[in-house]
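Read through the structure below, which is laid out as structure tokens, and then see the notes.
2 protein chains.
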Amino acid sequence: MNTHTELSPSAQRIADVAQALVQEVGYNGFSFEHISQAVGMRKASIHHHFGSKVDLGVTVVQRYTGQFEEALRQVQKQFSSAPERLLAYADLFETTFQNNHHLCVCGMLGAESNSLDASLKSEVKRFFQINVAWLNHVMDEGLASGSLRSPHHAKVLAETLLSLLEGAMLVGRSMSAPIGPRHACEVFLSGLIH
Amino acid sequence: MNTHTELSPSAQRIADVAQALVQEVGYNGFSFEHISQAVGMRKASIHHHFGSKVDLGVTVVQRYTGQFEEALRQVQKQFSSAPERLLAYADLFETTFQNNHHLCVCGMLGAESNSLDASLKSEVKRFFQINVAWLNHVMDEGLASGSLRSPHHAKVLAETLLSLLEGAMLVGRSMSAPIGPRHACEVFLSGLIH
DNA sequence: GTCTATACTTGGATAGAC
DNA sequence: GTCTATCCAAGTATAGAC
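Here's what the structure looks like:
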């Protein structure tokens, strides 16, 4: 599957539905039949656009990662301080979570990771690496400029915040009144700003 | 399923294997066939001990929650300060994660939550409630005694730390050199101790 | 590009012998 | 309590008509 292949309108609808299903019930929780019902096409037609479930999964993650990268660029451009950037970053997750308690695509696939095809697993890893690298950069600037204070390395702070946001969505699913990723981020940040 | 039903030796082995499978590949990622191969019994024999997959799942979570509650009591008894208790708590997750990158049973099921039977979902929720309540108590004492400092309520700190630990395991699965729940907890605590 | 039909496999579950 | 045998449903995938 080429990252830059343009998806036909039908393929896009299928990928949209598949993404939502991954975020709701996980990769192992949905079948072509579910997609079929949601898009109003037969299973065989889904297979015309995506040869296998793995192909579909890979496409979903690649699209998701691409959209996330664009969002990171926007955050970088629109905000100048580390605390502002980190809160805007957390809001990306907050928006996802507010949508029917959807999980991050890669949070879900990360949990299921050990049962996934290697190609999917590798795309999930890539998503996390991109996020940690971006957060690392933001944290590093924040520590250098003094807008953030911590005895820990930027890289460690990056993975900690990412873990917190993914975890807030996961745990929030089972809570009556979850704090959510945005609030969780504020709590973490209040420990980095003195 | 009664919480206090004693499990026969065979039932215990089955539950042990099922728990490990949940932590590795998730509830939707394993079948009776996998268990059958691991315990060396036929599928029909598994069904003799657990009428359905849901029954088995419920038993696994109830056992896991019971063992966790006992661990919480031990931590409470062996440590007296909030920071020490929280680190010991994080080590419960660290130990799980060190074991072949196993996830917390309820972290995994929490992710899959929307595809699970209501009875299972409810057991998962109970696990999280117990953990948040315990952490809330520890945080509250810490804030009162001054061993912890934060502008946030104990309850919020509790859910934040739980989210961080669950998330550290989830994200850690996809990282080459994950920081892990213990280290993540240290990072969070360093923001609560000034 | 979408359909019907179908092949093949796996998964959860039950009946009944031992 | 464990087994063999079997049922039925669901899931992935393919062939071939339209």
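Line by line, the protein sequences are chains A and B.
Going by numbering that gives the first Met the number 0, the first sequence runs without a break in its numbering and finishes at 193.
Going by numbering that gives the first Met the number 0, the second sequence runs without a break in its numbering and finishes at 193.
The C-beta atom is built at its ideal place from N, Cα and C for all residues, glycine as well.
Fair warning: this is a prediction, and the values are worked out from it, not measured in the lab.
(request) Could you have a look at residue 92 of chain A and say whether DSSP puts it in helix, strand or coil? (result) helix
(message) Helix, strand or coil, according to DSSP, for residue 191 of chain A in the structure here?
(response) coil
(request) Please name the residue in B/131, B/125 and B/44 whose C-alpha comes closest to that of residue 7 of chain B. (result) B/44
(request) Compute the Euclidean distance between the alpha carbons of residue 115 of chain B and residue 145 of chain A, then round it to the nearest angstrom. (result) 46 Å
(message) On the DSSP letters alone, give me the boundaries of the alpha helix (DSSP H) that residue 146 of chain B sits inside.
(response) Taken as a continuous stretch (DSSP letters only), residue 146 of chain B belongs to no alpha helix (DSSP H), as it is neither H nor E.
(message) I'd like to know whether the C-beta of residue 16 of chain B is nearer than 9 Å to at least one C-beta of chain A.
(response) no
(message) Measuring only the C-alpha atoms, how far is residue 1 of chain B from residue 61 of chain B?
(response) Caution applies to residue 1 of chain B, whose pLDDT of 43 falls short of 50 and renders its modelled position unreliable; the model cannot decide the point.
(message) I need the boundaries of the alpha helix (DSSP H) containing residue 62 of chain B, first residue and last residue.
(response) 52 to 77
(message) Any C-beta of chain A within less than 7 Å: which residues of the stretch 5 to 33 of chain B qualify?
(response) 23, 24, 25, 27 and 28
(message) Just to confirm the assignment, what range does the alpha helix (DSSP H) spanning residue 107 of chain A have?
(response) 104 to 111
(message) With distance defined between alpha-carbon atoms, name the residue in B/38, B/26 and B/41 nearest to residue 209 of chain B.
(response) Any question about residue 209 of chain B goes unanswered here, given that chain B covers just 0 to 193.
(request) Could you round the C-beta distance between residue 192 of chain A and residue 134 of chain A to whole angstroms and report it? I think they count as a contact, below 8 Å. (result) Actually they do not touch by this definition, with Cβ atoms about 16 Å apart.
(message) Strictly below 8 Å CB to CB, what residues from chain A border residue 104 of chain B?
(response) Correct list: empty, because the minimum Cβ distance to chain A is about 12 Å.
(message) Count Cβ pairs between the stretch 151 to 171 of chain B and the stretch 155 to 173 of chain A that sit closer than 8 Å; are there 3 or more?
(response) yes
(message) Against chain A, which members of the stretch 167 to 181 of chain B pass a CB distance test of less than 9 Å?
(response) 167, 168, 169, 170, 171, 172, 173, 174, 175, 177, 178 and 180
(request) Specify the secondary structure class of residue 29 of chain A as computed by DSSP and reduced to three states. (result) coil
(request) Determine, using beta carbons only, whether residue 111 of chain B and residue 89 of chain A come nearer to each other than 9 Å. (result) no
(message) Would the stretch 99 to 108 of chain A count as touching the stretch 16 to 31 of chain A if we require 3 or more Cβ pairs under 8 Å?
(response) yes
(message) Using a Cβ-Cβ distance cut-off of 9 Å, determine whether residue 193 of chain A contacts chain B.
(response) yes
(request) Determine the extent of the alpha helix (DSSP H) in which residue 20 of chain B is found, giving its start and end residues. (result) 8 to 24
(message) Would the stretch 8 to 18 of chain A count as touching the stretch 41 to 56 of chain A if we require 3 or more Cβ pairs under 8 Å?
(response) yes
(request) Look at the alpha carbon of residue 82 of chain B and the alpha carbon of residue 138 of chain B, and state the distance between them as a whole number of angstroms. (result) 9 Å
(request) Compile a chain-ordered list of the residues in the stretch 70 to 82 of chain B whose CB is closer than 8 Å to at least one CB of chain A. (result) none
(message) Let me check understanding here. Comparing Cα to Cα, which of B/97, B/10, B/131 and B/47 lies closest to residue 175 of chain A?
(response) B/131
(request) Please work out which residues of its chain come closer than 6 Å, Cβ to Cβ, to residue 183 of chain A, disregarding the five sequence neighbours upstream and downstream, and give them in chain order. (result) 163 and 167
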